[in-house]
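Remarks on the structure that follows.
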Amino acid sequence: EALTPALVWGVLPAAAAYHRLLVTPTPALAAIGREAGATLIDEPEGASDLNAAYAHALTKVPKEAARALLPGDLGFLKSDDIEAALALLQRHDIVLASTNHGGTGAIFLAPGVSIAPAFGPGSFARHRAAAEAGGFDLAMLDRAGFTRDVDAPEDVLALAAERPQTHAGALAARITAAPQG
276 EALTPALVWG
286 VLPAAAAYHR
296 LLVTPTPALA
306 AIGREAGATL
316 IDEPEGASDL
326 NAAYAHALTK
336 VPKEAARALL
346 PGDLGFLKSD
356 DIEAALALLQ
366 RHDIVLASTN
376 HGGTGAIFLA
386 PGVSIAPAFG
396 PGSFARHRAA
406 AEAGGFDLAM
416 LDRAGFTRDV
426 DAPEDVLALA
436 AERPQTHAGA
446 LAARITAAPQ
456 G
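Here the working numbering = 1-based position in the sequence shown + 275.
Below you can see the structure in the form of structure tokens.
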């Protein structure tokens, strides 16, 4: 429960140069979003999962704008990862980043381009198939900030070792150093 807010504290500042929208049903995450300067989007009543929340968020951004879907568990994300994706987006319709676990670390959509969010286990293959089925010019991006999400205990250990200066890394260090039992 404590790791998710700490991770969000890392993702929002990494995207600080851009207009950020945060969709969440959680008051604690909404407070973080407000403090970080993000625009909040209330999750719609009856939203069943993350994909419904993302789909709702996409309706709040004009299709004439470039859009990005960034999960909140990107503990290794840096602003230069986002800049690299946006540079690719200048030449492609969609930029996808896979996680090390086969999920999707990010989706970047050029103005006027849309695919349905399909996050969850194995989502990268679903997002890639949707982009290809739509005939979109697709680029894949392999950067640690997107590929290294925090889904497993070994991810928390890596976060503690490699990013102790971040909210999530400091919390991960405390969690992993705590005596078990």
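Each residue gets a CB set at the ideal place from its N, CA and C atoms; glycine is no exception.
Everything numeric in this text was worked out from a predicted model, so none of it was measured.
- With contacts defined as CB atoms closer than 8 Å, L345 and A381 qualify as a contacting pair.
- Collapsing the DSSP output to three states places F399 in a helix.
- Annotation note: the stretch 390-452 contains the following uninterrupted alpha helix (DSSP H) runs of length 4 or greater, listed N- to C-terminal: 398-408, 419-422, 428-437 and 442-452.
- The three-state secondary structure of T379, taken from DSSP, is strand.
- A direct Cα-to-Cα measurement between G410 and D317 gives close to 32 Å.
- In summary, H294 is exposed, with fewer than 16 beta-carbon neighbours lying within 10 Å of its beta-carbon over all protein chains present.
- In the three-state reduction of the DSSP assignment, S323 falls in the coil class, being assigned neither a helical nor a strand state.
- At a Cβ-Cβ threshold of 8 Å, A443 and A332 do not count as neighbours.
- V283 sits in a helix when the DSSP states are folded into three classes.
- In the three-state scheme derived from DSSP, where H, G and I count as helix and E and B as strand, D348 is classed as coil.
- In the DSSP annotation of this structure, the continuous segment of the alpha helix (DSSP H) that includes A303 starts and ends at P302 to A311.
- Residue environment analysis places D324 among the exposed positions, since fewer than 16 neighbouring C-beta atoms fall within 10 angstroms of its C-beta.
- For L315, same chain residues with a beta-carbon under 6 Å away, outside a window of 5 residues either side, are L297, A305 and G308 in chain order.
- Per DSSP, the beta bridge partners of V370 are F383 and A414.
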